[in-house]
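Chemist:
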Amino acid sequence: MSNILWKSLVVSPAVLGATLLVSATAIAAPNTTTEVSPVGQPGVTEVAQQPEILAQTTIDQVNRYSNEGNQNNSQSQVTSVSQFSDVQPTDWAFQALQSLVERYGCIAGYPNATYRGNRALTRYEFAAGLNACLDRVNELIATATADLVTKQDLATLQRLQEEFSAELATLRGRVDSLEARTAELEANQFSTTTKLVGEAIFAVSDVFGGDTGDNNNTVFQDRVRLNLQTSFTGRDVLTTRLSAGNATAFTQFDNGGNQIGTAEGTQTFQVDSTGNNSVNIDRLTYEAPIGPAQVYLAASGGRHSHYAAVNNPYFFDNTDGGNGALSTFASESPIYRIGGGAGIALNFPLGKGGGILGNSSITAGYLASEANNPTLSSGLTNGDYAALGQLNFSVGDRLALAATYVHGYSAGGNLFNSGSTTDGTFGEVLVGTGQANTLLNSGSSNSYGVSAAFRPSDKLSVSGFVSYHDVTGFGADDDYEAWSYGLGVALPDFGKKGNVLGVFAGAEPYAFNRVGVAAGNDIPYHFEGFYKYRVSDNISVTPGVIWLTSPGQNSDNDDAIIGTLRTTFTF
């Protein structure tokens, strides 16, 4: 192809001018057949075409446009530009079009004797037209027609070469410099298959209000995550994440000075933190396509929100990352925090575009919290586990919906813990009240949730969720029900491109009339506001406030207000 293009330039600069003209038109009117997910995050329902489908579509489109003038009602190759009824000598590209038609004969026009020069050009039409011209030029070169290249053409090319000699020399130097820098990077690169993605969070935080405020101090906390992302085929990714931090959540107290829990108001940077800045591997997962399905394998630290669409744009960030909401509750629905660890998940598309199932998919996953423990009551199948099923559906690129079901089993501990274990027992609690979390004995749970994300414009996003949890305990009076719901409004690019203003409100997981746990039948409302200010591509500063009413599900307890100034470095 490069030889043909060079020969076409030698033949005449008119071909060059027309090609540039057509290319500019094609770029100005790109193909818009691919739709974008409204949430842009892993696991979200995508409506983009598969590569093989897109490739076949491209070939079919090019062939259709190439053959458009060969139908029974089409006109033959025109010999004069005057044969086009909609082309006038005053048109700005008249001379270029005249040269292509009368000198090279590679423009046929449309069957109704029109050229349609003012209409937007698709990439398919450009490909068909360029292919016709190149075939014609190649044919003329092969026949060695003597009068194709005139002295005027050669003089014009020589004059252009002399006129742009300085620019060509500069460009040649820049290319040489780029090649040298590329060679240096290749010689000293870390790996040909692995790239490092890091995040560091510095946060100053304090809590105010009654006994909770009196029993906590202002803190300066940190967390660092280093992701080694390895790809062996270009379509798969092996994620090895190292994490270290010293962040812990504030402890909530009632009016009598008694501790009532730490999960309400937990912030995202307080998750996966060892508390002493020691390094641990908190995620080891592998994702790859197998046929039409996307497969997710977790050896350690697996989360349902790694592979399932949470439908909470601008609040959710890469599983408790530092660029979304402040709190774990506002980040994602609590249903995704039931269980975790090691296991497998699959995402299946239910259609190939078009029809009622064209933009839908189904997600299924199984994660076990004690998969590495070989004792009889643990392991991959006999220990604590959670199985998820989810139906995803999107309408264009503005609306995404999901219906989720999770069945879990636990030998005891807490319901919403993302599979955290310490020596075989459940560890950190990430969201909700003690009444909704505490499992007095072993038991199973059936949880149901719906989530939605709606983007009416590029400057506004609305998302929300509702979840219901039915827990069946294996001890006396262990059965209970829990609810949770939330709604968020985000204004992306508010004040500056890359900034986000977010407001979220809802009820953290709560349960009424439970036997054997602290009394309290008031709904614990959660209100949150934050403003992420993008200092640069790699630094953002997020001030925000979290207001918790009725901590411990008791309105007699003073409200708690958490203020945070979070700085996130990404690299």
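Read in order, the letters of the sequence shown are residues 614 to 1184 in the numbering used here.
Heads up, the beta-carbon is just placed ideally off N, CA and C, and yes, glycines get one too.
#1: Enumerate in chain order the residues of its own chain whose CB-to-CB distance from Asn1027 is below 7 Å, with the five nearest sequence positions on each side excluded.
#2: How about Gly822 and Ile1136: are their beta carbons less than 8 Å apart?
#3: Out of Phe833, Ala860 and Asp1083, point me to the one whose CA is closest to Ile951's CA.
#4: DSSP three-state call for Thr941: helix, strand or coil?
#5: Are the CB atoms of Ile873 and Gln883 within a distance shorter than 8 Å?
#6: Which residues does DSSP pair with Ala1132 in a beta bridge?
#7: Using the DSSP secondary-structure output, state which residues sit across from Thr1077 in a beta bridge.
#8: Taking the alpha carbon of Ser804 as the reference point, which residue from Val837, Thr843 and Thr976 has its own alpha carbon closest?
#9: Assess contact between the segment 1156 to 1175 and the segment 814 to 834, defined as three or more Cβ pairs (one per stretch) separated by less than 8 Å. Is contact present?
#10: Compare the beta carbon distance of Asp1106 and Lys1145 with 8 Å and say whether it is the shorter of the two.
#11: Can you tell me whether Arg1179 is helix, strand or coil according to DSSP?
#12: What is the rounded straight-line gap between the Cα of Tyr1098 and the Cα of Tyr1081?
#13: Please report the distance separating the alpha-carbon of Gln1166 from that of Gln1048.
#14: So is Thr692 buried or exposed if we call it buried at 16+ other beta carbons inside 10 Å?
#15: If you draw a straight line from the C-alpha of Arg736 to the C-alpha of Ser1070, how long is it?
#16: Identify the continuous beta strand (DSSP E) that holds Tyr1022 and give its terminal residues.
#17: Excluding five sequence neighbours on each side, which residues of the same chain lie with their C-beta closer than 8 Å to the C-beta of Val700?
#18: Have a look at Ala906 and Phe961 and give me their C-alpha separation to the nearest angstrom.
#19: By the 10 Å Cβ neighbour count, where 16 or more other Cβ atoms means buried, how is Phe739 classified, buried or exposed?
#20: If you run the structure through DSSP and keep just helix, strand and coil, what is Leu707?
#21: Alpha helix (DSSP H) containing Leu781: first to last residue?
#22: State yes or no: is the C-beta of Leu1004 within less than 8 Å of the C-beta of His917?
#23: Is it a yes or a no for the segment 886 to 898 touching the segment 846 to 859, going by three-plus beta-carbon pairs under 8 Å?
#24: According to the neighbour-count rule (16 or more other Cβ atoms, all chains shown, within 10 Å of its Cβ), is Pro702 buried or exposed?
#25: Examine the Cβ distances between the segment 1147 to 1156 and the segment 763 to 775 and report whether three or more of them are shorter than 8 Å.
#26: Am I right that Ser1153 and Thr1181 are in contact with their C-beta atoms under 8 Å? What's the rounded C-beta distance?
#27: Suppose the cutoff is 8 Å on Cβ atoms and the five residues either side in sequence are ignored; what does the same chain contact list for Thr831 look like?
#28: Rounding to the nearest angstrom, what Cα-Cα distance links Ala857 and Gly786 in this structure?
#29: In terms of residue numbering, what span does the alpha helix (DSSP H) encompassing Asp827 cover?
#30: Below 7 Å CB to CB, which residues in the same chain sit around Phe1087 once its five sequence neighbours on both sides are set aside?
#31: May I ask which residues mark the beginning and end of the alpha helix (DSSP H) holding Leu993?
#32: Since Ala1015 contacts Ala912 with CB under 8 Å, what's their CB separation in whole angstroms?
#33: Could you check which residue in Pro926, Arg1179 and Asp1169 has the C-alpha nearest to that of Gly869?
#34: Quick check: what's the CA-CA separation for Gly996 versus Gly1111?
#35: When DSSP labels each residue in this structure, what does Asn751 get in the three-state scheme?
#36: For Thr1155 and Asp1172, what's the separation of their Cα atoms in angstroms?
Modeler: Quick answer:
#1: Residue numbering aside, residue 1027 sits at position 414 when the sequence shown is read from its first letter. Counting only Cβ-Cβ distances below 7 Å, and skipping sequence neighbours, we find Phe1039, Val1042, Asn1050, Thr1051 and Leu1052.
#2: Walking along the sequence shown from the start, residue 822 turns up at place 209. Walking along the sequence shown from the start, residue 1136 turns up at place 523. For Gly822 and Ile1136, no; Cβs fall outside 8 Å.
#3: Walking along the sequence shown from the start, residue 951 turns up at place 338. Among Phe833, Ala860 and Asp1083, the Cα nearest to that of Ile951 is on Asp1083.
#4: Along the sequence shown, one-based indexing puts residue 941 at 328. In the structure shown, the three-state DSSP call for Thr941 is helix.
#5: Residue numbering aside, residue 883 sits at position 270 when the sequence shown is read from its first letter. Residue numbering aside, residue 873 sits at position 260 when the sequence shown is read from its first letter. No.
#6: Taking the sequence shown and counting its residues from 1, the one referred to as residue 1132 is at position 519. Answer by DSSP bridge pairing: none, since Ala1132 is not bridged.
#7: Within the sequence shown, the letter at position 464 stands for residue 1077. For clarity, residue 1077 is Gly in the given sequence; the question names Thr instead. Partner(s): Ala1065 and Leu1100.
#8: Start at 1 with the first residue of the sequence shown, and residue 804 comes out as number 191. Nearest of Val837, Thr843 and Thr976 to Ser804, Cα basis: Thr843.
#9: yes
#10: Looking up residue 1106 in the sequence shown gives position 493. Looking up residue 1145 in the sequence shown gives position 532. No, the Cβ-Cβ distance between Asp1106 and Lys1145 is not below 8 Å.
#11: For the purposes of this step, residue 1179 is taken as the residue at position 566 of the sequence shown. Of the three classes helix, strand and coil, the one that applies to Arg1179 here is strand, per DSSP.
#12: Position 485 of the sequence shown, counted from the first residue, corresponds to residue 1098. Position 468 of the sequence shown, counted from the first residue, corresponds to residue 1081. If I take the Cα positions, the gap works out to 9 Å.
#13: Counted from its first residue, the sequence shown places residue 1166 at position 553. Counted from its first residue, the sequence shown places residue 1048 at position 435. C-alpha of Gln1166 to C-alpha of Gln1048: approximately 8 Å in a straight line.
#14: Counting from one through the sequence shown, the residue named residue 692 turns up at place 79. Burial is judged here by how many other beta carbons sit within 10 angstroms of a residue's own beta carbon; Thr692 has fewer than 16 and is exposed.
#15: Taking the sequence shown and counting its residues from 1, the one referred to as residue 736 is at position 123. Taking the sequence shown and counting its residues from 1, the one referred to as residue 1070 is at position 457. Note on geometry: alpha-carbon atoms of Arg736 and Ser1070 lie some 27 Å from one another.
#16: As a working note, residue 1022 is residue 409 in the sequence shown. Here the beta strand (DSSP E) through Tyr1022 covers Leu1012 to Ser1023.
#17: As a first step, residue 700 is located in the sequence shown; it is residue number 87 there, counting from the start. Closer than 8 Å at Cβ, skipping near neighbours: Val694, Phe707, Leu710, Tyr728 and Gly730.
#18: Stepping through the sequence shown from its first residue, residue 906 is reached at position 293. Stepping through the sequence shown from its first residue, residue 961 is reached at position 348. Each residue's alpha carbon lies about 5 Å from the other.
#19: As a working note, residue 739 is residue 126 in the sequence shown. Burial call: buried.
#20: The residue labelled residue 707 in the question sits at position 94 within the sequence shown. What sits at residue 707 in the sequence shown is Phe, not Leu. Three-state result, Phe707: helix.
#21: Counted from its first residue, the sequence shown places residue 781 at position 168. Here the alpha helix (DSSP H) through Leu781 covers Ser778 to Asn801.
#22: For the purposes of this step, residue 1004 is taken as residue 391 along the sequence shown, with counting starting at 1. For the purposes of this step, residue 917 is taken as residue 304 along the sequence shown, with counting starting at 1. Against a cut-off of 8 Å, the Cβ pair of His917 and Leu1004 comes out as no contact.
#23: In this structure the segment 886 to 898 lies against the segment 846 to 859, because at least three pairs of beta carbons, one per stretch, are closer than 8 Å.
#24: Here residue 702 refers to the residue found at position 89 when the sequence shown is read from its first residue. With fewer than 16 other Cβ atoms from the protein chains shown falling within 10 Å of its own Cβ, Pro702 counts as exposed.
#25: no
#26: Residue 1153 sits at position 540 when you count from the first residue of the sequence shown. Residue 1181 sits at position 568 when you count from the first residue of the sequence shown. At roughly 5 Å, the Cβ-Cβ gap stays under 8 Å, so Ser1153 and Thr1181 are in contact.
#27: Taking the first residue of the sequence shown as position 1, residue 831 is located at position 218. Val817, Ser818 and Asp819, listed in sequence order.
#28: For the purposes of this step, residue 857 is taken as the residue at position 244 of the sequence shown. For the purposes of this step, residue 786 is taken as the residue at position 173 of the sequence shown. For Ala857 and Gly786, the distance between alpha carbons rounds to 45 Å.
#29: Counted from its first residue, the sequence shown places residue 827 at position 214. Start and end: Gly823 to Asp827.
#30: In the sequence shown, the residue the question calls residue 1087 occupies position 474. Here the set comprises Asn1054, Ser1055 and Gly1056.
#31: The count along the sequence shown starts at 1 and reaches residue 993 at position 380. Leu993 -> alpha helix (DSSP H) spans Gly992 to Asn995.
#32: The residue given as residue 1015 occupies position 402 in the sequence shown. The residue given as residue 912 occupies position 299 in the sequence shown. About 26 Å separates the two Cβ atoms, so there is no contact after all.
#33: Counted from its first residue, the sequence shown places residue 869 at position 256. Closest by alpha carbon: Asp1169.
#34: For this step, residue 996 is matched to residue 383 along the sequence shown. For this step, residue 1111 is matched to residue 498 along the sequence shown. Taken atom to atom, the span from the alpha-carbon of Gly996 to that of Gly1111 is near 44 Å.
#35: Locating residue 751 in the sequence shown gives position 138, where the first residue counts as 1. In this structure, Asn751 counts as helix in the three-state DSSP scheme.
#36: For this step, residue 1155 is matched to residue 542 along the sequence shown. For this step, residue 1172 is matched to residue 559 along the sequence shown. The straight-line gap from Cα to Cα measures roughly 23 Å.
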